[in-house]
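In the UniProt record's numbering, the protein residues as written are 1 to 72.
Step one of this worksheet: look at the structure below.
Below you can see the structure in the form of structure tokens.
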């Protein structure tokens with residue numbers, strides 16, 4: 001049996017940050033309206049954009065100025 005390494009060299013890379021809000025939508029979840037944003041992430045292709053609940057995004061990135069980042 002081999003011993004496990006004492007430490008692992010893990011390269012997590014840069015943290016992903018929102019760059020642009022591409023679209024907004026409202027969905028129904030458990031009889032409540034939930035605002036979602038289609039986010040283009042820094043360093044990722046446009047095809048990698050994902051939908052995220054607006055409140056979750058605001059909680060994770062409180063310094064992000066949503067109104068300034070909405071594309072038309």
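Think of the CB as a built atom: it goes at the ideal place given N, C-alpha and C, for glycine as much as any other residue.
**Study point:** Range of the contiguous beta strand (DSSP E) that encloses residue 54
**Key:** Bounds of any beta strand (DSSP E) do not take in residue 54; it lies within the alpha helix (DSSP H) bounded by 54–60.
Review point. Cβ atoms of residue 45 and residue 38: under 8 Å apart, would you say?
Key: Result no, Cβ atoms of residue 38 and residue 45 do not sit closer than 8 Å.
Point to revise | Rounded separation between residue 13 and residue 42 - CA only | key: The predicted model places residue 13 with a pLDDT of 48, which falls under 50 and marks its position as unreliable; any figure quoted below should be read in that light. Linking residue 13 to residue 42 through their CA atoms gives a straight-line distance of about 13 Å.
Exercise for review: Using three-state DSSP, classify residue 17 as helix, strand or coil.
Suggested key: DSSP, read as helix, strand or coil, puts residue 17 in coil.
**Study point:** Check whether residue 36 and residue 51 have beta carbons under 8 Å apart
**Key:** Cβ distance < 8 Å, so residue 36 and residue 51 count as in contact.
**Study point:** Those residues which DSSP pairs with residue 32 across a bridge
**Key:** Answer is 29.
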